[in-house]
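Colleague: Numbering (the numbering used here), first residue to last: -7 to 298.
Backbone N, C-alpha and C define an ideal beta-carbon position, used for all residues, glycine too.
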């Protein structure tokens, strides 16, 4: 394994295009918030926003301040110009595996992971809650590489079988019709030893939010006044974020039936236990064996500080 990450793959599909990062000019204090999907991205963006602006007086909504750079919807020039105009510490969102990123030693990377089965349950809600106009936009926007994003099946079990046994890219074996959650986590896990990459787990963030948010602040070298902590932790609680969903959800939740309340659904873990059968769990075991090292899998299912 090389000592530093190197981009070895190009990721392009209905959602994203990894080559958009080729045009990004980084700054020494930039932050990248990275996940595969449905693992705490929006939550972490809100946390970083509140750490940078402890009084909650944001210059823009967190999702606007922190654009998803690889996402195809927003014209690249618009995204880059908005980032260039920012004078505060910038934080940019990505859903790319590390082998699709142009790594920089001067950027700090926050990577958030979550149990694949919990990710699946959240993704199912996300996928079936999308409005028709979102599918039209994804599939008809010029420049799409590969297949269209299909409508979700009516049955969650059909979706599970597809998601856990089919890849969207030639080198992936799960994640269809999106991208592999398992390979994404493994790509970042492989470089967890680097001082500018810090891995966090959704379980730990749920279990002790303040501890994990303080750990993020320490890693990002953001000094927060001690008297601001109580307000910050309250502001980033699920209940408070859902109450202000239009502020935090991407695009204010416009692309989902029910808006931001659908996007910010439950934020809970373990719902898969009542859904997936033993045979379906056997497919999960096989997928993990294909894509994950044992140490990565143990952490992915249980969390813990690395």
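According to DSSP, which residues form a beta bridge with residue 84?
Modeller: Numbered from its first residue, the chain shown carries residue 84 at position 92. Answer is 24, bridged to residue 84.
Colleague: Let me check one thing: in DSSP terms, what residues is residue 100 bridge-paired to?
Modeller: Residue mapping note: residue 100 aligns to position 108 of the chain shown, counting from 1. Answer by DSSP bridge pairing, in chain order: 23.
Colleague: Between the C-alpha atoms of residue 197 and residue 203, what's the straight-line distance to the nearest angstrom?
Modeller: Translated into the one-based positions of the chain shown, residue 197 becomes position 205. Translated into the one-based positions of the chain shown, residue 203 becomes position 211. Straight-line Cα distance between these residues: approximately 8 Å.
Colleague: Take residue 147 as the anchor and find which of 275, 50, 113 has the nearest alpha-carbon.
Modeller: The sequence position of residue 147 within the chain shown is 155, counting from 1. Comparing Cα-Cα distances from residue 147 to each of 275, 50, 113, the minimum goes to 113.
Colleague: The beta strand (DSSP E) spanning residue 190 covers which residue range?
Modeller: Against the chain shown, residue 190 aligns to sequence position 198. Taken as a continuous stretch (DSSP letters only), the beta strand (DSSP E) holding residue 190 covers 189 to 193.
Colleague: Using CA coordinates, which residue listed in 65, 47, 79 is at the minimum distance from residue 57?
Modeller: As a working note, residue 57 is residue 65 in the chain shown. The residue with the shortest Cα to Cα distance from residue 57 is 79.
Colleague: Alpha carbons only, please: which of 19, 240, 29 is nearest the one belonging to residue 111?
Modeller: On the chain shown, residue 111 is found 119 positions in, with the first residue counted as 1. Of the candidates 19, 240, 29, the one whose C-alpha sits nearest the C-alpha of residue 111 is 29.
Colleague: On the DSSP letters alone, give me the boundaries of the alpha helix (DSSP H) that residue 37 sits inside.
Modeller: The count along the chain shown starts at 1 and reaches residue 37 at position 45. Looking at the DSSP string, the run of the alpha helix (DSSP H) that includes residue 37 is 33 to 44.
Colleague: Taking only heavy atoms of the ligand GTP into account, decide whether any of them is closer than 7 Å to the Cβ of residue 144.
Modeller: Inclusion of the ligand GTP in the displayed structure is not the case, the ligand content being empty and no account of it being possible.
Colleague: Would you call the region 273 to 290 in contact with the region 155 to 174, where contact means no fewer than 3 C-beta pairs closer than 8 Å?
Modeller: Verdict: yes, contact present.
Colleague: Assuming residue 47 contacts residue 8 under a Cβ cut-off of 8 Å, what Cβ separation, rounded to an integer in Å, is found between them?
Modeller: Translated into positions along the chain shown, residue 47 becomes position 55. Translated into positions along the chain shown, residue 8 becomes position 16. In fact, because the Cβ distance is near 33 Å, the residues do not count as touching under 8 Å.
Colleague: Name the one or two DSSP bridge partners that residue 210 has.
Modeller: As a working note, residue 210 is residue 218 in the chain shown. Answer is none; residue 210 lacks a bridge partner.
Colleague: How is residue 236 classed by DSSP in three states: helix, strand or coil?
Modeller: Taking the chain shown and counting its residues from 1, one reaches residue 236 at position 244. Coil at residue 236, not helix or strand.
Colleague: For residue 144 and residue 120, what's the separation of their Cα atoms in angstroms?
Modeller: The count along the chain shown starts at 1 and reaches residue 144 at position 152. The count along the chain shown starts at 1 and reaches residue 120 at position 128. If I take the Cα positions, the gap works out to 6 Å.
Colleague: Would you grab the beta carbon distance between residue 205 and residue 177 for me? Rounded to a whole angstrom, and I think it's under 8 Å.
Modeller: As a first step, residue 205 must be located in the chain shown, where it is residue number 213. As a first step, residue 177 must be located in the chain shown, where it is residue number 185. At roughly 21 Å, the Cβ-Cβ gap does not stay under 8 Å, so residue 205 and residue 177 are not in contact.
Colleague: Drop a sphere of 10 angstroms on the beta-carbon of residue 97, count the other beta-carbons inside from all chains shown, and report buried for 16 or more, exposed for fewer.
Modeller: On the chain shown, residue 97 is found 105 positions in, with the first residue counted as 1. Exposed: under 16 other Cβ atoms inside 10 Å.
Colleague: Is it true that the region 13 to 21 meets the region 36 to 51, where meeting means three or more beta-carbon pairs spaced less than 8 Å apart?
Modeller: The answer is no - the region 36 to 51 does not touch the region 13 to 21, with fewer than three Cβ pairs under 8 Å.
Colleague: Beta-carbon separation of residue 263 and residue 163 under 8 Å?
Modeller: On the chain shown, residue 263 is found 271 positions in, with the first residue counted as 1. On the chain shown, residue 163 is found 171 positions in, with the first residue counted as 1. No, the pair does not count as a contact, with Cβ atoms beyond the cut-off.
Colleague: Using 10 angstroms around the beta-carbon of residue 179, count the other beta-carbons present and answer buried if the total reaches 16, otherwise exposed.
Modeller: Here residue 179 is taken as the residue at index 187 of the chain shown, counted from 1. Buried is the call here.
Colleague: Use the C-beta contact count for residue 39: other C-beta atoms within 10 angstroms, 16 or more gives buried, fewer gives exposed.
Modeller: Working through the chain shown from its first residue, we reach residue 39 at position 47. Burial call: buried.
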